[in-house]
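The next block holds one structure in the form of structure tokens; read it before the comments.
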């Protein structure tokens, strides 16, 4: 792990964003917990994601499903057979490695998408040895990444922890479609945990065995894949894309991308919406974002078109996948129709069809880590320039001093604001130190009750990024905060 | 299951509250999924719970932890040895039963808290036979309810799915305490899943194998257990309690309960806060609520004082546990100190202590079911009288007709409100039918754009419970809804 990773991880531990799971028992590789700040950041990110992505359609809903799924359903989906990685094991010490990652780590070129024999060949050619003891490897074998479960006192039912939230949606498709009055497009999202028994998770919070996903499955009429009502609005929007056979990131207008790659309009429309989410809603810097095309060998077995959503993360050494835009066709519903013997066909505009699926998939842990990586800077002061809407605390509330009733008034203000905003009360240390503590965890505003407040019922509000201060009346504070945060009103116009 | 259960379950399936998991594969006993309405209700309940219970202290935070925990931690906590139920198995057909529940089902008196020999004796005495084939049972055996897991490609690590979220908090206690600046009382909450391999779940959504909990662990200085700053405010507050050896519910003022049962003030203060949550925040009818004392045999191995939070649910045939108030002493932290060899002592006010724990524990699935049971009524109309703050949709937005621009105006209003409220747009069917659809799922307000709206920019707002209607200006609508919902302003004062 590099210096930037160490810096951010240390911040994370110290202030309470992300911690190793079961740390007092020595931890468990690939498992992390969220501290107070991390869990608030997560909840805010989830709300922002739900608000934006469910807002893309009139007929998009959140659902939630069991993390344990029956064997039959994951057999049907193809995961029992195909959801696997290649494992190589040291002949001498027995250490296990994910073969493609090991190859990438040692040679600089990942072995993603290669078959067992190809991996063995490359490992031999590049003379890759065990990182622990320096010995050679047995031939690569396939390893299924799902966690199997036994259910019932006699293990009557076999199951797995779900490897992706998506499968929970597919199993609920029929009931959901009924509730949503049988209109297409129709969307179901799940925000929740997925579980992958990663062979040897070595990349910190980036490769986790228990991960949190936000996935939206959009069911649509495949005959309309090339039609999008709103396409005109984004036809000229420039997408930052990189093709699988090209080392350069390109800027192409949506129309140009369609002409070049023969992509369906509906797919490209969602590429634009995803990019807008990162660049406009969350204010990621343009140059740190790209949509990366995956070639045929690199795509999962259920995807026909696949662009990864990637952000350049200094702490992880370059562009990293935070999500993906997956055209899964009717693969999943058809497999479940076959496996369950329940018809997945729906009647839409007089035709019987199995809807196709466009999946917008996001790894929440990775996204939260990326926020810290992208927005944390430490120069003369340490500031986490989080989008205000995501910040764990909306505002810090301070009495200038803890006497003459200033603390009582500040505390009262804090309690009054707490019904509407997540605020933090702090009376210890100098105001400068209190500002610094709030800056470091991304709190966008600080409110100080001073001696003037006692006379005229106003307070000072300070903006994190500019450090500018303004004087505002206490009765207006709650609505001003809402304007600043939800409506993104510029602080200077307050 | 009784008629009321059937009625509510049918509503739940039809409108999308709760569905059986993996239904197209025949379902999996003890597993349920949340549909669109259920998942919004859940999210709102969680927010309400967090807001209220984290608000009980200045130093209470939400965290989140991995669902998979290492064997060592659950060995230390006592769960590997003690988290078990008694199982009896039919000699002939092999059907398994949870012994105490079976006894309760057949004889009307639960066998909760009995030992194996006592259960066998009662089963023989009452001549209880297999419900499937009518034959007798083998002797009761202990069955551990945790789901074991193997982690790593060779199963290098053994683990379990967590049986309660509480353990995730205890493992994070040390880091949390550091972050929270080492003050007591200090609280950490987790809202998330827990997993129990129930022997034979037969009670619908009431006994689930994968359940969702909201648990707050309050760490406090045991020398202060009988002191509470705010106690004066609740000394005369009447608690509805039932003692373990008394069939009657009693109303006792907090002071009286303390005198009678020698309960610590801090414990009773939290009983009052919990009761206020149900009766004042969520408006449960008084007579449907009780706090039930558990006797020594009935308490879990880690609890020293234990009152269940119970609500009378017609659909489940009587009072049912929705949560509990558990004085867990220093049992858990001490066990983890022993198991992990990490010191759990903290220095507080100059003394080295292991904090004691008061746990406020809630089963979310049961609470959501109880809302439907308590608030659904079907007389001349079907109305789910949910507290406004919990309702899946805040408001329905309708155009009176879909012509003359009314639908365009209504849609515009819907989109504008969506940034602040979860609203539902509906233009199909008569206004009466649209009201009825919203009443049935608990939407507290409906907004109709009519011909007058086109002239004077006002709309009709209708209240679910009273069916009263008022005329309000569109620009004021967003803030009026907030006042009605968050500040609980009476509709008649609008």
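Chains as they are written, first to last, in our numbering: chain C, 1 to 494; chain W, 495 to 988. Glycine included, every Cβ here is placed at the ideal spot set by N, Cα and C.
(message) With DSSP as the reference, identify every bridge partner of residue 653 of chain W, one or two as the case may be.
(response) W:564 and W:643
(message) I'd like to know whether the C-beta atoms of residue 5 of chain C and residue 318 of chain C end up nearer to each other than 8 Å.
(response) no
(request) Tell me where the alpha helix (DSSP H) around residue 861 of chain W begins and ends. (result) Where residue 861 of chain W is concerned, the enclosing alpha helix (DSSP H) starts and stops at 858-869.
(request) Indicate whether residue 573 of chain W and residue 657 of chain W have their beta-carbon atoms separated by less than 8 Å. (result) yes
(message) Between the alpha carbons of residue 907 of chain W and residue 321 of chain C, how many angstroms are there, rounded?
(response) 37 Å
(request) Measure from the C-beta of residue 866 of chain W to each C-beta in chain C and report whether the shortest distance is under 8 Å. (result) no
(request) Please compile the residues from chain C whose C-beta is within a distance smaller than 7 Å of the C-beta of residue 513 of chain W. (result) 172 and 175
(request) Note down the Cα distance separating residue 821 of chain W from residue 711 of chain W, rounded to an integer number of angstroms. (result) 10 Å
(message) I'd like to confirm the pairing. Which residues does DSSP put opposite residue 250 of chain C in its beta bridges?
(response) C:241
(request) Would you verify that the beta carbon of residue 434 of chain C is, or is not, closer than 8 Å to some beta carbon of chain W? (result) no
(message) Here's the rule: buried if 16 or more other CB atoms are within 10 angstroms of the residue's CB, otherwise exposed. What is residue 973 of chain W?
(response) exposed
(request) With 8 Å as the threshold, decide whether the Cβ of residue 581 of chain W is near any Cβ in chain C. (result) At least one CB atom of chain C sits nearer than 8 Å to the CB of residue 581 of chain W.
(request) Select from C:144, C:39 and C:18 the residue whose C-alpha is nearest the C-alpha of residue 31 of chain C. (result) C:18
(request) Could you list the residues in the region 55-74 of chain C with a C-beta less than 8 Å from some C-beta on chain W, going in chain order? (result) For chain W, the residues of the region 55-74 of chain C that bring a beta carbon within less than 8 Å of one of its beta carbons are 55, 58, 61, 62, 63, 64, 65, 66, 67, 68, 69, 70, 72 and 73, in chain order.
(message) Going by DSSP in three states, residue 601 of chain W sits in which element: helix, strand or coil?
(response) helix
(request) Rounded to whole angstroms, what's the CA-CA distance from residue 236 of chain C to residue 256 of chain C? Just pull it up for me. (result) 8 Å
(request) Report the partner residues of residue 806 of chain W according to the DSSP bridge assignment. (result) DSSP output for residue 806 of chain W lists W:813 as bridge partner(s).
(request) Determine the chain C residues that contact residue 645 of chain W at a beta-carbon separation under 9 Å, and present them in chain order. (result) 28, 29, 30, 31, 147, 197 and 209
(request) Entirely within the region 187-226 of chain C and at least 3 residues each: give me those beta strand (DSSP E) ranges in chain order. (result) 210-220
(request) Please look up how many angstroms separate the CB atoms of residue 623 of chain W and residue 589 of chain W, rounded, as I've assumed it's under 8 Å. (result) The pair is not a contact, with the Cβ atoms about 11 Å apart (cut-off 8 Å).
(request) Note down the Cα distance separating residue 462 of chain C from residue 494 of chain C, rounded to an integer number of angstroms. (result) 11 Å
(request) Would you decide whether residue 405 of chain C is buried or exposed? Buried here means 16 or more other CB atoms lie within 10 Å of its CB. (result) exposed
(request) Could you please give the first and the last residue of the uninterrupted alpha helix (DSSP H) stretch that includes residue 233 of chain C? (result) 231-234
(message) Can you check whether the C-beta of residue 528 of chain W is within less than 8 Å of a C-beta belonging to chain C?
(response) yes
(request) Could you tell me the distance, in whole angstroms, from the CA atom of residue 567 of chain W to the CA atom of residue 713 of chain W? (result) 19 Å
(message) On the DSSP bridge list, what partners appear for residue 785 of chain W?
(response) W:735 and W:803
(message) Assuming contact is defined by CB atoms lying nearer than 8 Å, are residue 689 of chain W and residue 665 of chain W in contact in what I supplied?
(response) It is not a contact, given that the beta carbons lie outside the stated cut-off.
(request) Closer than 8 Å by C-beta to residue 295 of chain C: which residues in its own chain qualify, once you throw out the five before and the five after it? Chain order, please. (result) 113, 244 and 245
(message) Let me see if you follow: with CB-CB separation under 8 Å, is residue 92 of chain C close to chain W or not?
(response) no
(request) Would you mind stating whether residue 862 of chain W and residue 539 of chain W have Cβ atoms separated by less than 8 Å? (result) Yes; because the gap between Cβ atoms is below 8 Å, this pair is in contact.
(message) Could you tell me the alpha carbon to alpha carbon distance between residue 47 of chain C and residue 886 of chain W, rounded to whole angstroms?
(response) 15 Å
(request) Say whether chain C places a C-beta atom closer than 8 Å to the C-beta of residue 876 of chain W. (result) No, because no Cβ of chain C sits closer than 8 Å to the Cβ of residue 876 of chain W.
(message) Considering only DSSP beta bridges, list what residue 527 of chain W is partnered with.
(response) W:513
(message) Rounded to whole angstroms, what is the Cα-Cα separation between residue 179 of chain C and residue 349 of chain C?
(response) 18 Å
(message) Given this structure, state the Cα-to-Cα distance separating residue 746 of chain W from residue 763 of chain W, to the nearest angstrom.
(response) Cα-Cα distance, rounded: 13 Å.
(message) Going by DSSP, what residue range makes up the alpha helix (DSSP H) through residue 935 of chain W?
(response) Note, residue 935 of chain W: premise wrong, no alpha helix (DSSP H); not H, not E.
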